[in-house]
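Engineer:
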Amino acid sequence: MYSASVYIALMHFPVYNRNGQVVTTAVANMDIHDIARTARTYGVKRFFIVTPIPEQKELVSRILHHWKEGYGAEFNPSRKEAFDMTEVRKDLDEVLASIRKTDPEVQLVATGASLDNALIRHDALGKAIRESRQAQLLLFGTGSGLTKDIVDLADCCLEPIRGPAAYNHLSVRAAVAITLDRLLGR
């Protein structure tokens, strides 16, 4: 395993839309399932879904309940295991309050395809996770990425994932999986 606790937050607000406006994006059932399973596979301590919209929080809560305690927990115990470490929160402050109950010192790491300044490389952050005891919270944006305000709060920004082609529009599920593999994979 590694020394530091690693957390991830899927931010649905505040994020940009394709026109550069600050918006709240809709929660996607597929993201919850795929990211929870990826997070569990890589030993993430907790996966947070962040949305301020009460109806979206209720939707996530119903999905989580089904897989943690409902028929889904009995039907698919490995899915239950992934969902047990998944929570919904209204904002980043709630996420940080939850983390600080067990990890008082946490470094915020912004991710995004368009980040281009003060970047930390995957190998350097992976080394810090293995050798440091400071918890890490990786922030993943939906829509067209995290707002400048959120990026400015971060202690560092992780280098973007780049393929060989000019096209750069990964799904957030794929970005989370690639990032966790680069940071925590064997």
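For what it's worth, the working numbering labels the leading residue of the sequence shown as 193, then goes sequentially.
Where a beta carbon is used, it is the ideal one built from N, C-alpha and C, also for glycine.
Quick check on Phe267: does DSSP put it in helix, strand or coil?
Structural biologist: Here Phe267 sits in helix by DSSP.
Engineer: Quick one: what's got a C-beta closer than 6 Å to Tyr234's C-beta in the same chain, skipping five residues either side?
Structural biologist: Leu372 and Leu376
Engineer: Which one or two residues does DSSP pair with Ala196 in a beta bridge?
Structural biologist: According to DSSP, Ala196 bridges with nothing at all.
Engineer: CA-CA distance, His258 and Arg354?
Structural biologist: 36 Å
Engineer: Going by CA-CA distance only, name the one from Lys260, Thr217, Pro352 and Arg313 that's closest to Ile241.
Structural biologist: Thr217
Engineer: Buried or exposed for Gly335, going by 16 or more other Cβ atoms inside 10 Å?
Structural biologist: buried
Engineer: Determine the contact status of Ala196 and Leu329, defining contact as a CB-CB distance below 8 Å.
Structural biologist: no
Engineer: From this set, Asp347, Asp344 and His314, which residue's C-alpha is nearest Val368's C-alpha?
Structural biologist: His314
Engineer: Let me know the beta strand (DSSP E) ranges lying completely inside the stretch 225-309, each 3 residues or longer, listed in chain order.
Structural biologist: 238-242, 278-281 and 298-302
Engineer: Who are the Cβ neighbours of Lys272 in its own chain at under 8 Å, not counting the five residues just before and after it?
Structural biologist: Trp259, Lys260, Gly264 and Ala265
Engineer: Run the CB neighbour count on Ala346, radius 10 Å, all protein chains shown included, and call it buried at 16 or more, exposed below.
Structural biologist: buried
Engineer: For Leu300, collect the residues of the same chain with a Cβ closer than 7 Å to its Cβ; drop the 5 residues on either side in sequence, then sort them by chain order.
Structural biologist: Leu329, Leu331, Leu345, Ala346 and Asp347
Engineer: Does the beta-carbon distance from Met222 to Arg365 come in below 8 Å?
Structural biologist: yes
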